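Residue numbers (my numbering): 23 to 304. Cβ coordinates follow ideal geometry from the N, Cα and C atoms, glycine included. Being a predicted model, the structure only gives us computed values, none of them experimental. Below is one structure; the comments refer to it alone.
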């Protein structure tokens, strides 16, 4: 009789899928439930209420509201400017984060503090600051008030910190020795950045870009004083929503809000797809 026959039967060890993870404990389940209730109260239910309000007039009413000449102009201006600002922030925000992490220079600490000013400053105060610098009587001799450039500048001001603050900690955790090893093997700086640094930074850049775009699309306070809110010229979607509410046209305001929500979700999805492809090819 072989040893295999004499060995007692042992129950097979249960296999745990790495993807499935560990089962929830009571405490974890309770925490998940509380988190979902809290998220629903703050986000899901209000969004559903806005969508229901926008649909009350039917598809014809919704389409009529968003294709109105003045409303369509505000949506085009808001989304187009927000996209352009996001592209600028991707380049400049990554560059600023690189300087703060990899370089030492006089005034670095002051720059670190100044970058967070748009976070702490009330947006209406930001509008006043921009108006004093770039409005009538500007000490710089530049007057862009009541122009579309003012919309672009206001969006840039309030969205500046997002990509800087998402990229900076990730860049600080990268090991410079990996880049030095690539350089020692003959890789150029561009190749090292594209194949080693960029794939690691892409998720942070995408997250910051999504935050930057969402903030720009919903911005209101910094635009009130600087842009003049001129219909068909400098009026943005947030101002158009407020005007519709003041005129007791809730359906139209909700329709514009739904369009902005749909655009924001689409941008987030596109950014996610781009970052996955960059990481895969990196």
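Coarse secondary structure for residue 289, derived from DSSP in three states | helix
Report yes if the CB atom of residue 188 is closer than 8 angstroms to the CB atom of residue 229, and no otherwise.
-> yes
Taking the alpha helix (DSSP H) that residue 111 falls in, what are its first and last residues?
-> 91 to 124
Give the DSSP-derived three-state secondary structure of residue 302 in the structure shown.
-> helix
With a Cβ-Cβ cutoff of 8 angstroms, do residue 273 and residue 76 count as a contact?
-> yes
Below 8 angstroms, can you find three or more Cβ-Cβ pairs linking the stretch 249 to 267 to the stretch 130 to 138?
-> no
Cβ pair residue 186, residue 135 closer than 8 angstroms | no
So residue 234 and residue 174 are in contact, right, with Cβ under 8 angstroms, and what is the actual spacing, rounded?
-> No, residue 234 and residue 174 are not in contact; Cβ-Cβ is about 13 angstroms, not under 8 angstroms.
Flag this pair as yes or no: are the beta carbons of residue 176 and residue 152 separated by less than 8 angstroms?
-> yes
Close-in-space but distant-in-sequence residues of the same chain around residue 78 (CB under 7 angstroms, 5 per side omitted) | 273
For residue 69, which residues from the same chain have a beta carbon less than 8 angstroms from its beta carbon, with the 5 sequence-adjacent residues on both sides left out?
-> 283
Give the DSSP-derived three-state secondary structure of residue 255 in the structure shown.
-> coil
Rounded straight-line distance, which links the Cα of residue 124 to that of residue 190 = 10 angstroms
Excluding five sequence neighbours on each side, which residues of the same chain lie with their C-beta closer than 8 angstroms to the C-beta of residue 278?
-> 87, 88, 93, 96, 97, 259, 262, 263 and 266
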